[in-house]
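In my numbering, the protein residues as written are 1 to 701. For every residue, glycine included, the Cβ atom is placed at its ideal position computed from N, Cα and C. Quick caveat: nothing in here was measured; it's all calculated off a predicted structure.
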């Protein structure tokens with residue numbers, strides 16, 4: 001039975017994840033990371049397919065371009081929760097398919113249409129429009145932007161290098177700087193700003209530029225709109241009263257662009273250039289596509305110089321194509337099921353329970369504590385419900401996990417409920433992370449935790465029938481099914497020892513004399529009937545007690561609502577105490593509602609109240625109603641229990657489950673508590689009426 005339930009649970013979870021992939025609407029969205037570029041540059045086209053786990057886009061209708069596939073990223077993410085007796089799935093299923101596209105012609109460029117076929121259904125998106133600008137061809141100035149890596153992970157460092165090539169003069173001026181000191185060329189570098197690039201950790205730009213700053217009016221590059229304060233010793237600057245462009249010196253070396261290589265090793269027909277470069281280190285914080293560029297060069301460069309040093313210049317407008325770095329998640333290949341987004345190194349994990357002894361069904365708090373050189377801000381709580389070794393012993397509430405994140409540690413607090421009794425150890429809990437040093441996944445596990453689970457009071461169908469119908473069961477000896485189990489015992493030999501006179505102690509009393517025997521018999525008779533009277537009184541008072549507790553829950557809920565309204569009406573931080581008071585009243589109201597249902601079931605059916613869950617209520621009341629359906633024709637079945645348009649038992653269990661689950665959450669929704677309490681009063685009255693009708697019917701039969 002236990003294995004069958006486990007199989008049924010896994011099938012339900014699989015269907016909850018698999019069926020939405022078919023049932024959800026499949027949508028297609030196309031987006032580009034740029035809307036304007038220069039001829040020769042590339043952009044990233046991202047094809048987003050939601051509601052599908054596999055798709056292959058058709059980009060054949062994108063003309064006049066080079067297309068390079070950058071791979072797929074499955075972003076399916078689901079969470080399953082049980083609320084109000086129903087299984088709820090939240091999350092997203094889909095693919096992100098990326099391409100690098102390089103337009104081959106200038107003008108308006110349409111990145112589409114793109115066609116995707118999913119489950120026989122054809123989806124088409126027109127795609128974004130871009131503007132491609134042509135630039136004049138020349139060989140005097142050349143700019144390139146390169147990255148040390150095209151794709152990186154979060155926290156994986158990379159470098160961006162800007163290279164500027166300017167053609168050298170010939171003759172005795174070959175080693176001079178190939179630009180004019182009074183009219184320096186201007187470099188527009190989009191990412192070289194004090195704000196930096198969002199999502200990346202980069203260098204301190206102010207400190208970097210101060211190191212590159214040129215003094216004494218030596219030739220250099222102007223960058224963006226950076227200026228310098230007027231120099232009081234510079235007469236022209238002082239008289240103008242304005243700021244002058246700051247000039248910066250980049251790393252410099254002489255190079256030659258290859259032509260035809262001679263046999264001796266020298267280059268023939270090669271072109272000599274002065275190479276200037278700037279390298280900047282970065283480290284990503286967030287995933288995404290990061291565009292560096294384009295870089296624009298504007299200014300005059302000397303073309304030729306006479307013997308006196310007078311040079312003729314040419315105005316140049318040159319563009320360096322942008323470089324894109326993609327920060328991607330770890331690879332899906334060989335990704336463990338227990339991976340939840342941890343990226344770093346030296347991850348350690350340990351688990352602890354808030355108690356080492358409990359009863360079956362008691363809620364336990366399991367704390368997972370992780371630490372190491374790992375970024376926890378992007379990590380999701382590990383899904384313990386996916387670890388089958390835990391499901392053998394516990395019911396796991398993954399949807400109520402609490403997260404406490406700090407710089408170097410992270411704690412996840414789960415709620416578990418043991419499903420069986422015994423002394424056993426909590427199995428190891430596995431957590432996987434992507435190790436940036438070894439460039440692979442690693443899985444670590446917690447130590448086992450000893451736990452002693454006591455068996456709760458189990459109530460069988462016969463016991464419940466004996467408690468609710470003790471009087472008529474005592475008069476019916478022809479049907480063993482209706483005999484109270486508490487009054488039936490069998491010794492080792494199998495003989496029935498339930499008779500009042502069958503015990504050896506009573507035989508000894510009888511031998512002592514008729515008077516003593518009669519006194520003992522009267523005491524025994526009083527003791528039995530006194531317990532029956534107390535049980536009957538508890539059954540009689542079960543409904544009034546429950547109704548009074550529900551009225552108390554309504555008052556607590558009203559107090560919490562009033563406190564929340566008062567807090568919301570004021571923006572003063574001094575009202576934080578009032579807000580905590582509202583939270584306490586909310587929790588107390590929900591607890592009082594659950595206690596009303598538990599104690600009604602316990603007192604009415606004669607079972608222990610501790611640890612009663614919604615499923616226990618559904619099972620216990622089903623035990624009561626099932627024999628009634630068998631004992632009476634369907635036409636005479638009480639509408640309060642069976643055959644009604646709305647089953648009061650199922651509706652009571654649904655409401656109980658809502659507030660029962662809310663007790664495991666950090667916030668309790670109370671907007672309908674008063675209405676739910678009033679509904680529960682009516683439901684309990686209907687159930688009580690049905691139970692009494694069944695008792696009368698059983699007594700007459």
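In the structure shown, residue 61 adopts coil according to DSSP, grouped into three states.
Contact between residue 373 and residue 341 does not hold, since their C-beta atoms are separated by about 15 Å, which reaches or exceeds 8 Å. Three or more Cβ pairs closer than 8 Å define a contact, and the segment 101-109 meets that threshold against the segment 123-140.
Its chain contains 153, 339, 343, 434, 441 as the residues whose beta carbon lies nearer than 8 Å to that of residue 330, once the 5 sequence neighbours on both sides are disregarded; these appear in chain order.
Contact between residue 274 and residue 178 holds, since their C-beta atoms are separated by about 6 Å, short of 8 Å.
Contact check for residue 423 against residue 356 fails: the beta carbons are separated by 8 Å or more.
Close CB contacts of residue 127 within its chain, under the 7 Å cut and outside five residues either way in sequence, are with 30, 110, 111, 112, 113, 114 (chain order).
Residue environment analysis places residue 42 among the buried positions, since at least 16 neighbouring C-beta atoms fall within 10 angstroms of its C-beta. Per DSSP, reduced to three states, the secondary structure at residue 386 is helical.
The C-beta separation of residue 653 from residue 618 comes to about 5 Å, placing the pair in contact by the 8 Å criterion.
Note that the C-beta distance between residue 141 and residue 316 is below 8 Å.
Taking C-alpha positions only, residue 208 is separated from residue 146 by approximately 19 Å.
Residue 69 is classed as exposed because its beta carbon has fewer than 16 other beta carbons within 10 Å across all chains shown. Rounded to the nearest whole angstrom, the C-alpha separation of residue 33 and residue 324 is 10 Å. Burial of residue 603 is indicated by the presence of at least 16 other C-beta atoms within 10 angstroms of its C-beta. Residue 589 sits buried, since 16 or more C-beta atoms from the chains shown fall within 10 Å of its C-beta. Sorting 171, 158, 63 by C-alpha distance to the C-alpha of residue 303 places 171 at the top. If you look at residue 280, you'll find it isn't in any alpha helix (DSSP H); it sits in the beta strand (DSSP E) that goes 271-284.
Residue 137 counts as exposed, since fewer than 16 other beta carbons sit within 10 angstroms of its beta carbon. A straight-line Cα-Cα distance of about 9 Å links residue 651 and residue 680.
In this structure the segment 362-372 lies against the segment 401-414, because at least three pairs of beta carbons, one per stretch, are closer than 8 Å.
Around residue 277, the same chain offers 161, 162, 163, 250, 251 as residues with beta carbons nearer than 7 Å, after the five sequence neighbours per side are excluded. Residue burial is scored here from C-beta neighbours: residue 206 has fewer than 16 other C-beta atoms within 10 angstroms and is therefore classed as exposed.
Residue 662 sits away from residue 599, with the two beta carbons spaced by 8 Å or more. Apart from sequence neighbours up to five positions away, the residues of its chain that approach residue 194 with a beta-carbon distance below 7 Å are 205, 206, ordered along the chain.
Contact between residue 348 and residue 444 holds: their C-beta atoms lie close to 7 Å from each other, under 8 Å. Counting other Cβ atoms within 10 Å of its Cβ, residue 382 reaches 16 or more and is therefore classed as buried.
Rounded to whole angstroms, the gap between the alpha carbons of residue 190 and residue 418 is 59 Å. Proximity to residue 98 across 201, 158, 44 peaks at 44, based on C-alpha coordinates.
In summary, residue 658 is buried, with 16 or more beta-carbon neighbours lying within 10 Å of its beta-carbon over all protein chains present. The C-alpha of residue 431 lies about 28 Å from the C-alpha of residue 359.
CA-to-CA, the gap between residue 247 and residue 64 works out to about 41 Å.
Annotation: the segment 123-147 contains the following complete segments of the beta strand (DSSP E) (minimum length 3 residues), in chain order: 129-133, 141-147.
For residue 95 and residue 397, the gap between their C-alpha atoms comes out near 28 Å. The DSSP-derived three-state label of residue 197 is coil.
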